[in-house]
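Down below is the structure, laid out as structure tokens.
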Ligand code: DC
């Protein structure tokens with residue numbers, strides 16, 4: 067039986083960085099499910115669709131192929147119609163589009179089996195918004211990771227600046243607040259902790275402290 071660890075929480079709480087490092091330490095596969103929603107967002111954007119074109123996004127689904135794969139460094143990559151789009155999905159524009167498409171039930175259904183299959187055969191740490199509540203309700207460990215909006219916006223800002231992108235902190239903060247609201251108020255699979263989730267707040271912590279805190283929780287529960 068494989069072991070699944072679910073990590074949910076809002077954008078910028080440090081889920082992906084912390085989960086990736088913890089997975090490496092434990093020898094688990096790290097699965098970033100946000101990349102799947104971003105890929106649908108990218109596919110929709112490429113077709114000239116906007117956040118309001120729900121029917122067109124749904125109509126697009128049967129014609130696209132979305133896959134998760136791993137490169138030679140064992141890092142996750144995401145493929146859209148066989149093209150590696152892992153780098154193209156990390157822009158603020160695609161973040162907002164990903165949030166919009168993730169509120170469409172058909173999009174969530176389209177990605178459900180893909181996510182569940184990843185946890186079937188391998189030990190995984192899977193991060194997202196509804197992993198502990200919907201995707202893997204039987205996960206062995208569920209963690210809900212959060213931090214203040216300001217702290218999360220600062221982290222995302224530093225990340226994008228480091229990648230050479232021209233962004234403003236204020237814009238990132240309002241994006242974070244808007245996405246939090248949209249992700250937690252949508253009707254389907256809203257962002258919320260599972261009843262049996264362990265709550266962890268990383269505000270003001272450096273990465274090493276947060277990773278160690280999570281590793282301790284994981285080792286205690288595996
Ligand atoms: O984690 P992220 O920022 O890459 O996620 C992008 C968007 O996808 C985010 O606005 C919420 C959505 N998402 C979701 O609804 N369910 C998931 N399991 C993962 C992401």
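Numbering (this note's numbering), first residue to last: 67 to 288. Virtual Cβ for every residue (Gly too), placed ideally from N, Cα, C.
| query | result |
| --- | --- |
| If you follow the beta strand (DSSP E) that residue 133 is in, where does it begin and where does it stop? | 132 to 136 |
| How many Å lie between residue 258 and residue 211 at the Cα? | 11 Å |
| Going along the chain, which unbroken runs of the alpha helix (DSSP H) with 4 or more residues stay wholly within the stretch 87 to 114? | 100 to 112 |
| Closer than 8 Å by C-beta to residue 173: which residues in its own chain qualify, once you throw out the five before and the five after it? Chain order, please. | 103, 106, 123, 124, 127 and 167 |
| Taking the continuous alpha helix (DSSP H) assigned at residue 123, which residues delimit it? | 120 to 126 |
| Using 10 angstroms around the beta-carbon of residue 188, count the other beta-carbons present and answer buried if the total reaches 16, otherwise exposed. | exposed |
| When the Cα of residue 114 is compared with those of 163, 152 and 148, which residue comes out closest? | 163 |
| Near residue 150, which residues of its chain fall below 7 Å by C-beta distance, leaving aside the five closest residues on each side in sequence? | 143 |
| Between the alpha carbons of residue 71 and residue 110, how many angstroms are there, rounded? | 30 Å |
| With a CB to CB cut of under 6 Å and the five nearest residues on each side skipped, what residues in its chain are close to residue 202? | 70, 72 and 185 |
| Does the stretch 214 to 223 come into contact with the stretch 234 to 245, if we say contact requires no fewer than three beta-carbon pairs (one atom in each stretch) closer than 8 Å? | yes |
| Which residues mark the beginning and the end of the alpha helix (DSSP H) in which residue 229 is found? | Looking at the DSSP string, residue 229 is not in any alpha helix (DSSP H), and its letter there is neither H nor E. |
| Can you give me the start and stop residues for the beta strand (DSSP E) that residue 212 sits inside? | 207 to 212 |
| Answer with buried or exposed for residue 77, where buried requires no fewer than 16 other C-beta atoms within 10 angstroms of its C-beta. | buried |
| Report yes if the C-beta of residue 83 is less than 6 Å from at least one heavy atom of the ligand DC; otherwise report no. | no |
| Spatial neighbours of residue 227 within its chain, please: C-beta separation below 8 Å, excluding the five flanking residues on both sides. | 233 |
| Considering only residues of the stretch 154 to 238, which uninterrupted alpha helix (DSSP H) runs meet the minimum length of 4 residues and lie entirely inside it, listed in chain order? | 158 to 167, 171 to 187 and 215 to 228 |
| Grouping DSSP H, G and I as helix and E and B as strand, with all else coil, what is residue 141? | coil |
| Under the criterion of a Cβ to heavy atom distance below 6 Å, does residue 111 qualify as lining the ligand DC? | no |
| Any heavy atom of the ligand DC closer than 6 Å to the CB of residue 165? | yes |
| When you compare the CB positions of residue 289 and residue 213, do they come within less than 7 Å of one another, or not? | Because the chain in this structure spans residues 67 to 288, residue 289 falls outside the shown range and cannot be described. |
| To the nearest angstrom, how far is the alpha carbon of residue 278 from that of residue 129? | 43 Å |
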